[in-house]
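In the numbering used here, the protein residues as written are 2 to 365. All residues carry an ideal CB built from backbone N, CA and C; glycine is no exception. Some notes on the structure that comes next.
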Amino acid sequence: MKLTRLLAVLTAALFLVSCGDNDAKTAGVNADTQQTYEWKLVTSWPKNFPGLGKGPETFAQYVNEMSNGRLKIKVYGAGELVPGFEVFDAVSGGSAEMGHSGPYYWKGKAPAAQIFTGVPFGMNAQEMNGWLHYGGGLKLWEELYKPFGLIPFAGGNSGVQMAGWFKKEINSVDDLKGLKMRIPGLGAEILKKVGGVPVSLTGGELFTALQTGAIDATEWVGPYNDLAFGLYKAANYYYYFGWHETGTTLEFMANEKAFNSLPKDLQAIIRVAARAVNQDMLDEYTARNNTALQKLINEHNVELRPLPDDVIAALREASKEVLEEQVKADPMFDKIYQSYRAFQKDVASFHAISEAELYRSRQN
Numbered sequence: 002m003k004l005t006r007l008l009a010v011l012t013a014a015l016f017l018v019s020c021g022d023n024d025a026k027t028a029g030v031n032a033d034t035q036q037t038y039e040w041k042l043v044t045s046w047p048k049n050f051p052g053l054g055k056g057p058e059t060f061a062q063y064v065n066e067m068s069n070g071r072l073k074i075k076v077y078g079a080g081e082l083v084p085g086f087e088v089f090d091a092v093s094g095g096s097a098e099m100g101h102s103g104p105y106y107w108k109g110k111a112p113a114a115q116i117f118t119g120v121p122f123g124m125n126a127q128e129m130n131g132w133l134h135y136g137g138g139l140k141l142w143e144e145l146y147k148p149f150g151l152i153p154f155a156g157g158n159s160g161v162q163m164a165g166w167f168k169k170e171i172n173s174v175d176d177l178k179g180l181k182m183r184i185p186g187l188g189a190e191i192l193k194k195v196g197g198v199p200v201s202l203t204g205g206e207l208f209t210a211l212q213t214g215a216i217d218a219t220e221w222v223g224p225y226n227d228l229a230f231g232l233y234k235a236a237n238y239y240y241y242f243g244w245h246e247t248g249t250t251l252e253f254m255a256n257e258k259a260f261n262s263l264p265k266d267l268q269a270i271i272r273v274a275a276r277a278v279n280q281d282m283l284d285e286y287t288a289r290n291n292t293a294l295q296k297l298i299n300e301h302n303v304e305l306r307p308l309p310d311d312v313i314a315a316l317r318e319a320s321k322e323v324l325e326e327q328v329k330a331d332p333m334f335d336k337i338y339q340s341y342r343a344f345q346k347d348v349a350s351f352h353a354i355s356e357a358e359l360y361r362s363r364q365n
């Protein structure tokens with residue numbers, strides 16, 4: 002009887018402990034789902050600028066709605082909290098939890114980051130997204146940013162850009178010699194190879210620099226953004242195509258410690274919101290670019306011109322040289338570029354009989 006009573010007491014005690022443990026776990030879960038977070042997101046773009054600047058705002062809206070207000074993100078335009086070229090350091094150092102920018106701005110910190118914006122004469126937006134999300138590109142990007150305490154996400158794409166705005170005509174490669182042009186990333190090194198003078202400027206500085214003659218030419222994005230900046234007021238020649246940015250990928254980046262401190266559902270919300278904005282931005286540029294281009298031509302008398310074939314050929318040759326130099330100089334650049342090139346070659350073989358044939362055969 003004593004043994005029976007003892008077993009009954011122990012069973013009851015274990016039941017109570019178990020209930021208490023489960024209640025504690027439930028309370029922990031409830032507390033986790035009730036806690037709210039307020040984050041700062043800094044960008045390299047003017048606040049609410051079409052396309053580029055709209056992306057972070059849309060992202061913040063999606064996160065707020067999907068989290069039911071548990072994660073609120075305040076977006077800061079370039080210069081409001083940190084300058085546009087200091088986004089990487091701000092997020093890495095933890096003064097902001099997230100950032101939105103272009104990976105090629107960080108070539109001084111990690112040369113291979115330029116590949117994630119895109120490679121001159123390289124993949125388009127559709128192919129870049131395929132490589133990042135199904136070809137191992139994103140994993141390599143995460144590996145590259147890991148030492149900086151950052152987690153990257155694809156954050157939008159402008160599609161094939163324009164070659165840029167020029168104050169004078171470009172009739173041959175000789176016209177590029179001595180030309181002061183705002184152009185970032187690998188494109189800057191290629192321009193230098195053919196005798197040009199690359200200049201580093203944020204978007205907000207472009208118009209004044211072009212208007213005052215501090216630069217002779219500038220690339221920015223494409224008609225939708227270029228019209229909004231009023232670049233047609235400072236230069237009349239608008240050249241295509243954007244050999245240097247054929248599928249320009251932008252980025253969201255999160256401070257790793259801040260991201261890992263979030264509950265799993267909020268982490269998932271950030272990933273899903275970034276993926277949604279990545280596609281949404283490309284959709285917007287696809288829908289808006291031609292309307293803006295027609296306005297530039299018909300209302301502002303902009304002269305739309307293709308770069309001459311010999312200029313394209315010279316830039317392509319210089320591109321090969323620059324990429325070879327980067328590969329030799331940096332093992333991480335080599336590793337990521339080999340993955341990029343392998344995917345491009347693979348997807349290009351199918352696109353030759355699909356996308357390319359469609360463009361060749363269809364009638365507007």
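Sub-9 Å separation of residue i and residue j beta-carbons
i, j, result
"M129", "T250", "yes"
"K55", "M282", "yes"
"K258", "G150", "yes"
"V76", "L42", "yes"
"L308", "I216", "no"
"T203", "F86", "yes"
"A79", "W166", "no"
"I337", "W142", "yes"
"M254", "V88", "yes"
"A275", "M67", "no"
Burial state of residue i (16 or more Cβ within 10 Å)
i, result
"H301", "exposed"
"N291", "exposed"
"S262", "exposed"
"S1", "Since the first and last residues shown for the chain are 2 and 365, residue 1 lies out of range."
"E322", "exposed"
"L294", "buried"
"R361", "exposed"
"E144", "exposed"
"K140", "exposed"
"R71", "buried"
"H134", "exposed"
"Q345", "buried"
"T37", "exposed"
"R183", "buried"
"D311", "exposed"
"D284", "exposed"
"F154", "buried"
"S173", "exposed"
"D175", "exposed"
"T247", "buried"
"I270", "buried"
"P148", "exposed"
"F351", "exposed"
"E326", "exposed"
"T118", "buried"
Extent of the continuous alpha helix (DSSP H) to which residue i belongs
i, result
"T44", "Not the alpha helix (DSSP H): T44 falls in the beta strand (DSSP E), residues 38 to 44."
"N256", "It is not in any alpha helix (DSSP H) - N256 instead sits in the beta strand (DSSP E) that spans 250 to 256."
"Y135", "126 to 135"
"P51", "Here P51 belongs to no alpha helix (DSSP H), and DSSP marks it neither H nor E."
"P224", "224 to 230"
"P112", "Note, P112: premise wrong, no alpha helix (DSSP H); not H, not E."
"I313", "310 to 330"
"F208", "207 to 213"
"Q280", "265 to 299"
"G94", "88 to 94"
"K108", "That residue, K108, is in no alpha helix (DSSP H); it is neither H nor E in DSSP."
"E246", "Premise fails: E246 is in no alpha helix (DSSP H) and is neither H nor E."
"E356", "356 to 362"
Run of the beta strand (DSSP E) containing residue i, from where it starts to where it stops
i, result
"K75", "72 to 77"
"F369", "No answer is possible for residue 369: it lies beyond the span of the chain, which begins at 2 and ends at 365."
"L305", "304 to 307"
Per DSSP, the bridge partner or partners of residue i
i, result
"F167", "A218, Y238"
"V200", "R183"
"G188", "The partner list for G188 (beta bridge, DSSP) is empty, contrary to what the question assumes."
"G100", "V43, M254"
CB contact below 9 Å: residue i versus chain B
i, result
"A91", "The structure shown contains no chain B; it is built from a single protein chain."
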